[in-house]
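Peer 1:
Shown next as structure tokens:
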């Protein structure tokens with residue numbers, strides 16, 4: 211069974227600085243998807259960034275980028291120029307492609323990292 | 238505006254009662270999902286539906302039931318058989334199960350008194 215581990219329950223960063231959130235996962239699959247979701251105090255889940263495992267290039271979305279290390283099964287999120295609005299819970303998630311058995315389209319989440327951006 | 242709505246935002250239930258959480262989407266998505274979130278935990282899949290009149294159990298389906306009579310609606314019933322129903326419930330949808338991006342609703346907080 212796939213598992214996702216986020217080893218940092220809480221982190222803090224000063225505004226305008228850079229922070230990296232860690233995520234490791236366990237799977238025997240070769241093809242899959244990885245995601246980072248943000249959950250602010252409103253509790254709305256917002257997709258931050260996604261990565262297809264077959265792509266070697268790391269995904270980037272404005273100030274957010276990932277470091278995807280497939281062999282190490284690591285998927286960290288880097289937030290540059292941190293802003294107060296980045297304060298939220300961040301969840302790493304894994305998804306098997308359809309037709310690989312089990313719950314299709316099932317997102318498997320880590321327990322989250324609570325990020326606080328301080329002024 | 239296109240999106241996913243969940244109602245109510247807060248719900249209180251007495252022990253032994255069934256309660257139904259609403260989820261509606263106007264994104265014309267085929268696939269819909271229900272997740273449960275407990276404090277300090279990530280989300281766990283309860284049920285999902287790939288298409289109208291079809292649904293499948295997720296990882297924690299015991300004590301829950303769903304229906305999918307319309308494309309835009311996927312209500313979740315929390316039955317009295319669910320031993321620990323107090324949690325935050327999130328509904329999501331995607332164009333299809335094969336499309337990996339899921340969009341989430343704002344959630345419903347259920348508290349059993």
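Chains as they are written, first to last, in this note's numbering: chain A, 211 to 329; chain B, 238 to 350. Ideal placement from N, C-alpha and C gives every residue a C-beta, glycine not left out.
Around the Cβ of residue 327 of chain B, are there at least 16 other Cβ atoms within 10 angstroms (buried) or fewer (exposed)?
Peer 2: The residue labelled residue 327 of chain B in the question sits at position 90 within the second chain. With at least 16 other beta carbons inside 10 angstroms of its own, residue 327 of chain B counts as buried.
Peer 1: So which residues of chain B does residue 321 of chain A contact, with C-beta pairs closer than 9 Å?
Peer 2: Along the first chain, one-based indexing puts residue 321 of chain A at 111. The contacting residues are 277, 278 and 279.
Peer 1: How about residue 255 of chain A: is its C-beta nearer than 8 Å to some C-beta of chain B?
Peer 2: Residue 255 of chain A sits at position 45 when you count from the first residue of the first chain. Chain B contact via Cβ: present.
Peer 1: Output yes if chain A places a C-beta closer than 8 Å to the C-beta of residue 264 of chain B; else output no.
Peer 2: Along the second chain, read from residue 1 onward, the residue named residue 264 of chain B stands at position 27. It does not; no Cβ of chain A falls within 8 Å.
Peer 1: Quick one: grab the DSSP three-state call for residue 210 of chain A.
Peer 2: Residue 210 of chain A cannot be examined here, being either before or after the span of chain A that is shown, 211 to 329.
Peer 1: With distances taken between CB atoms, is the gap from residue 268 of chain B to residue 293 of chain B smaller than 8 Å?
Peer 2: Counting from one through the second chain, the residue named residue 268 of chain B turns up at place 31. Counting from one through the second chain, the residue named residue 293 of chain B turns up at place 56. Not a contact, by the Cβ cut-off of 8 Å.
Peer 1: Residue 233 of chain A by DSSP, collapsed to three states: which one?
Peer 2: Position 23 of the first chain, counting from 1, holds the residue named residue 233 of chain A. Coil at residue 233 of chain A, not helix or strand.
Peer 1: Quick check on DSSP: helix, strand or coil for residue 264 of chain B?
Peer 2: If you number the second chain from 1, residue 264 of chain B lands on position 27. When DSSP states are grouped into helix, strand and coil, residue 264 of chain B belongs to the coil group.
Peer 1: Residue 289 of chain A by DSSP, collapsed to three states: which one?
Peer 2: Locating residue 289 of chain A in the first chain gives position 79, where the first residue counts as 1. Of the three classes helix, strand and coil, the one that applies to residue 289 of chain A here is strand, per DSSP.
Peer 1: Hey, does residue 290 of chain B have any beta-carbon neighbour from chain A nearer than 8 Å?
Peer 2: Translated into the one-based positions of the second chain, residue 290 of chain B becomes position 53. By this cut-off, residue 290 of chain B is not an interface position.
Peer 1: I need the DSSP call for residue 245 of chain A, collapsed to helix, strand or coil.
Peer 2: For this step, residue 245 of chain A is matched to residue 35 along the first chain. Residue 245 of chain A falls in the strand class under three-state DSSP.
Peer 1: Against chain A, with Cβ distances strictly below 8 Å, would residue 311 of chain B count as a contact?
Peer 2: Taking the first residue of the second chain as position 1, residue 311 of chain B is located at position 74. No, its Cβ sits nowhere closer than 8 Å to a Cβ of chain A.
Peer 1: Specify the secondary structure class of residue 253 of chain A as computed by DSSP and reduced to three states.
Peer 2: Locating residue 253 of chain A in the first chain gives position 43, where the first residue counts as 1. In the displayed model, residue 253 of chain A falls within coil according to three-state DSSP, outside both helix and strand.
Peer 1: Mind checking whether residue 278 of chain B and residue 321 of chain A have CB atoms under 8 Å apart?
Peer 2: Residue numbering aside, residue 278 of chain B sits at position 41 when the second chain is read from its first letter. Residue numbering aside, residue 321 of chain A sits at position 111 when the first chain is read from its first letter. With respect to the 8 Å criterion, residue 278 of chain B and residue 321 of chain A are classified as neighbours on the basis of their beta carbons.
Peer 1: If I measure Cβ to Cβ from residue 236 of chain A and keep anything under 6 Å in the same chain, skipping five residues before and after, which residues do I get?
Peer 2: The residue you call residue 236 of chain A lines up with position 26 of the first chain. Cβ neighbours of residue 236 of chain A beyond the five flanking positions: 213.
Peer 1: Which bits of chain A does residue 243 of chain B rub up against, with CB to CB less than 8 Å?
Peer 2: Numbered from 1 along the second chain, position 6 holds the residue referred to as residue 243 of chain B. Result: empty, since nearest Cβ-Cβ is about 10 Å, beyond 8 Å.
Peer 1: Please state the DSSP three-state secondary structure of residue 303 of chain B.
Peer 2: One-based indexing of the second chain puts residue 303 of chain B at position 66. Residue state, collapsed to three classes: strand.
Peer 1: Spatial neighbours of residue 328 of chain A within its chain, please: C-beta separation below 8 Å, excluding the five flanking residues on both sides.
Peer 2: Walking along the first chain from the start, residue 328 of chain A turns up at place 118. 222, 223, 224 and 225, listed in sequence order.
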